[in-house]
Structures are given as C-alpha cells and as structure tokens.
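Here UniProt numbering is used: position 376 in the sequence shown is 376, and no number is missing along the way. This report concerns only the one structure given below.
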Amino acid sequence: MREVLLIFGLLILKQIAVSAQNVDSLLRVLDDKIKNAHVYESLKEQKIQELKTERRELKNHRSELYAINRSLYNAYNNYQSDSAIHYLNQNMDIADSLKDISKTNEVRIASATLFVRLGMYFEAREQLEKVTEATLSLQQQLDFNLAYRQLYLGLGSYSQNDRERHAYWEKARDFDIRVMEMTPDVSEEHLRSIEKSLRVKDDFPAALRANDQRLTLTTPFTIPYALVTFHRSLIYRKMGDVKNEKKYLTLSAISDVQLAIKDNASISILAALLMREGDINRAYQYIRFCLDNIKDYNTRIRSSEILNIQNIIDKEYQSRNKKKSQELQAVLIVVCVLSVLLAISIVYVYKQLKKGQAFSRKLKEINQELQSLNAKLHDMNDELKKRNLEVAEADHIKEEYIAYFLDECAKYIIKLDNYRIMVNKKLQGRQYENLYNITRDNSLKAEESKELFLNFDTMFVNVFPDFLTQFNALLADEEQIVLKKGEVLNTELRIYALVRLGIGDSSKIARFLGYSVNTIYNYRTKMKNKAKGARESFEENVKKIGAFI
C-alpha cells in the first residue's frame, strides 16, 4: 500500500513539474491534492504509529525515549499542536530526571518556537527566559536567537500600540542581526534574513536573487521548499505581480497539503486572492479546508486570520446570492408577462385554428404532395448530378487517352516508316543475312512493349495521381504494395489501372499486357484475397478510385 502511494505521489510530482508554468494547471493539481488530502494524512499517521510502536518497546531507556519523543514532536509539529506539546513536556521530564542541561535547553527553545506559532507569546517568553545562554551549544544559540526573533515579530504584528509595535520590531531586528552574524553567507537562515531586508527596502531584483539561492538549497515539495516559495510569493505581492504571487502560493500550498502540514498560511492567502479575482467557489473550498486543518492543529492566531477571510468570502457569497436572487426575480417577472401574453396568443390562435381547420387540412394535403414531388425532384437532381459527373469524368479520361494514343499512333507510323526504309536499304544492299537476323530478334518487341507500358503508366498516373494510395487503402495493412525504385506501376497495379479505365474483360487485359488469360485471372483473384473488406466488392471499389463523386 505504501509503495503504491509513493508511486502515486511521484506521478503527481511529475505532473506538477510539467505544468509548473501554468497557474491554472497548478490550481487543478492543488484541487486534486486537497481532494486526496486523506491519503497524505494516512501516510503521516502511519509514520506516527510506527514511532509510537517503537516508543512502547523502549520502556525505561530514557535517552532513547527522549530521541523517539523528539521524532514524535517533529511529526506532530505542523500537524497537531496538542500532541507536539505533549511530547515536548515528556522530554522536559526526561531532561530533568537526567539533569541534562543540553536537553533541557533544547526542549525549552523548541517549546518557545511552537508557542510563538500558536500565539502563546507569554508562555514562549517564559520558556526563553529560563534558558541560560552560557550553557547553549552553537546550534542551540542559533535556535535561541531565531526563537526570540519570531517572538518579537509576532508581538509586533499583533500589538495594538504603535509604540510597542516598533519597540518589538526593533528587538526582532537585533536578534536578526545576531542570526546573520552566526550563520554562513550561503546558509538558509542568512539568505532568509537578507531576502527579507531587501523585500522591505523594495529591492525586488536582489530579493528574488536571494530567493533563487534559497531555492537551490531546497528539494521540491519539502517543508523548506514550501517556506521559500511562500516567501517568494510575498516578493511578487509587493511587486504587484499577481500571476507569479498566485503561482508560488499554489506551489507552497501543494507542498503543505502533500506533507500533511495543517499549520499553513499559503492556502488561506491564496483563497483571499482568488476571492478578489471572483473565483468564489474555489476560494470557499480552500478556506473550508484551512478551517478543518486549523481545528485539528488548534491555533488561535491562524483561526482568527482564516475566520476573517471566511467572513469576507461569506459576504461575497451573500452579495452574489442576493444579486442572483434579484436577477431571478427579474426573470420571473419577465416569464410571468410572457406567460400572460402566451395565454392570450394561445386563445387567439385556437380561435383562428378553429375557423381554418378545413383550410389547414387542404393545405396539409398540398404540402404532402409538394414534399413528395420535392423528394422525387431531389432524387432526380442527385441522379442527374451523378450522371453528369460520370460523363465529365469519362470525357476527361477520353480526352487524355485519345490525345495520348493519337500521339502514340503518330510515333508508331514514323517508327514503321523508318523500319521500312531500313529494310529497303538492306534489301538494296543485298544484306539478306543481316535482315534475316533482325527479323529473328525479339528485342524490338520487348523494347516497344516496355516503352508502351511506361507511357501507359505515366499517362494513367497523370490522370489518377492518387491511384496507388487509394488502391492500398483497399488492401489489408500487411498486404500494402510498395513500388520498386524507378517503377511507375507494377503488373498488379497495371491490371487494375485497366479495370479502372473500364476494361474488365480478362482476355482484353491479357492481350494488352502480353499475358495469358489464366495469368490475368490468377492476378485478379490474388488481389481480391488481399482486400481489406469484402472481396466481392473489391473491383467495384477500384472503379471508384479518383472518381468525382
């Protein structure tokens, strides 16, 4: 089951990569992801259950139990906040029992980071104030400063007092400077700080370049990728580039759904954007999905944000419904008026019909006669057209072949006269032996026959240029005729070329081609057996090749 779901996920990823430049295609992928969100949640739950099974087997191994609890916290971190807090609390108990200050620091910083995301700013500050900086490892120092930065950013964003807001943001900047000093220039956290600074200064090209560097550090459709694409959408929002904002919000949202992340901002912001564009149905679907996620995750901050967006969408829905209701009322009024007019018209028509029943019956009879005559006339016209086309075709063929054979006759008269002159000269020169040898040689006949057939073939193909293609269409796929290099027609095609010209008698065909009647019959039988359809109608179909009708 897991392998099947993995293959399914890879196929979806391939589909996203192919359509990554098309926002509408990405939205359809997101629709499909949301529809199948239960699949990704099942995978998440399966992983969690595996960790819980492993945890039950550890019993009193506290260090290993701490590691499993940390894995469970990471699994629940963006999935269910209550469970994430539960495993952090268990690890705090383990750290206290082990008197391990490093583990205690790790749990306090992780708790503070989670509390900030949940809007529990007092609890987050309380956890951070209990940390002694001198006891922190390098990584813990970075995590500590990051947690404080997020705490003050959150306090500033939700403060109602301008003075306090700026004070909080100033403290957030101080911790941001610390983070930049602690991290390499090409690290994710360093680039993230640089990008935000550039975005605030409206230096959008440089901010996008920093984001490009961050993207190279991520793998598509992972948690870091979801975050970086979300931040990229913020740059495009400030630029006023709605299309790209929507594109990267969608990519971030797809990642969130596929990773079963229930604490996300991308989908709710995308819903608000779609609502402004008038895509109310999709916006409502997305916001309902967000509400279900936040209910599972249990965070006050995101709930209030999404409820505000939902209220806007609900008002838009109500406005649209009111407008539709008004339009419906107008339509109903028009329908009522038309119904009254229709009733009056029906009464009037009924009276007129009653007066003119006799006339109508007579008119019906006349119409039926006219229809019958028209049908006959139509059939006659069709037949006349058919005959005219047949005559036109026959005239066309006759003109071509009369001209051809007049030319050939003139050539043969000249050849016969030249032959007569040659014979006369040899008789005068008493070259009897030479003349006797010439009359014994059949090569002249063979050459003349070859030239006759070549001329016939060339003339026929000029009249019926698509004969080979249409003839092959009547044959089975494995019986197609392929001409050799230099051939215009082969023997089989030449036989059916004569059939197409109306020469169906095998004895006449045999005389023309220099074969026996039996040979011609065998050729014809062989080709009928290769027919794609009924062999009985094969030659009739050949006669229709190149016809005007």
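Beta carbons are placed, not taken as given, at the ideal position from N, Cα and C, and that holds for glycine.
- Residue pairing by DSSP places Ala-531 opposite Leu-475 in a beta bridge.
- Secondary structure note for Gly-154: its alpha helix (DSSP H) is the uninterrupted segment 138 to 158.
- Around the C-beta of Cys-336, fewer than 16 other C-beta atoms lie within 10 Å, and the residue is accordingly described as exposed.
- In this structure, DSSP gives Ser-187 a state outside helix and strand, which the three-state scheme calls coil.
- About 12 Å separates the beta carbons of Ser-71 and Leu-88, which is beyond the 8 Å limit, so they are not a contact pair.
- Taking the Cα of Leu-215 as reference, the smallest distance to any Cα among Lys-528, Arg-192, Phe-204 is reached at Arg-192.
- Taking C-beta atoms as the reference points, Gln-258 and Tyr-40 count as a pair closer than 8 Å.
- When secondary structure is reduced to three states using DSSP, His-61 falls in the coil class, being assigned neither helix nor strand.
- The shortest C-alpha to C-alpha distance from Lys-99 to any of Ile-421, Ala-75, Arg-117, Ser-63 is the one to Ser-63.
- Between the alpha carbons of Gly-504 and Ile-545 lies a gap of roughly 15 Å.
- Secondary structure note for Ser-537: it is in no alpha helix (DSSP H), with a DSSP letter that is neither H nor E.
- Cβ-Cβ distances below 7 Å link Glu-492 to Ile-481, Tyr-523, Met-527 in the same chain, with the five nearest sequence neighbours on each side left out; the list follows chain order.
- Around the Cβ of Ile-177, a 10 Å sphere holds fewer than 16 other Cβ atoms; the residue is exposed.
- Rounded to whole angstroms, the separation of the alpha carbons of Leu-142 and Asp-162 is 29 Å.
- Taking the C-beta atoms as reference points, Ile-254 is found no nearer than 8 Å to Phe-230.
- Per DSSP, reduced to three states, the secondary structure at Asn-69 is helical.
- Using a 10 angstroms sphere on the CB of Lys-351, the tally of other CB atoms stays under 16, which defines it as exposed.
- For Ser-233, the enclosing alpha helix (DSSP H) stretches over residues 223 to 239.
- Contact between Leu-65 and Ile-85 is ruled out by a C-beta separation of about 17 Å, above the 8 Å threshold.
- At least 8 Å separates the beta-carbon of Asn-298 from that of Ser-42.
- The beta carbon of Tyr-121 is closer than 7 Å to those of Leu-151, Gly-154, Leu-155 in its chain, skipping five residues each way along the sequence.
- Taking C-beta separations shorter than 6 Å and ignoring five residues to either side along the sequence, the partners of Leu-58 in its chain run Glu-64, Leu-65, following chain order.
- When the Cα atoms are used, Arg-165 and Ser-159 turn out to be separated by approximately 6 Å.
- One thing to note: Ser-233 has its Cβ no nearer than 8 Å to the Cβ of Leu-217.
- With a contact defined as Cβ atoms closer than 8 Å, Arg-149 and Val-179 qualify at about 6 Å.
- In the structure shown, the three-state DSSP call for Pro-220 is coil.
- Taking the CA atoms as reference points, Val-331 sits about 16 Å from Leu-342.
- Under the three-state reduction of DSSP output, Leu-270 falls in the helix class.
- Residue environment analysis places Val-200 among the exposed positions, since fewer than 16 neighbouring C-beta atoms fall within 10 angstroms of its C-beta.
- With contact defined as three or more Cβ pairs closer than 8 Å, the region 415 to 433 and the region 502 to 522 are not in contact.
- Per DSSP, Leu-483 lies in no alpha helix (DSSP H) and is assigned neither H nor E.
- For Ile-287, the uninterrupted alpha helix (DSSP H) segment begins and ends at 280 to 297.
- Lys-530 and Leu-452 do not touch by the CB rule: their CB atoms are close to 27 Å apart, not below 8 Å.
- In the three-state reduction of the DSSP assignment, Ala-265 falls in the coil class.
- Around the C-beta of Ala-375, fewer than 16 other C-beta atoms lie within 10 Å, and the residue is accordingly described as exposed.
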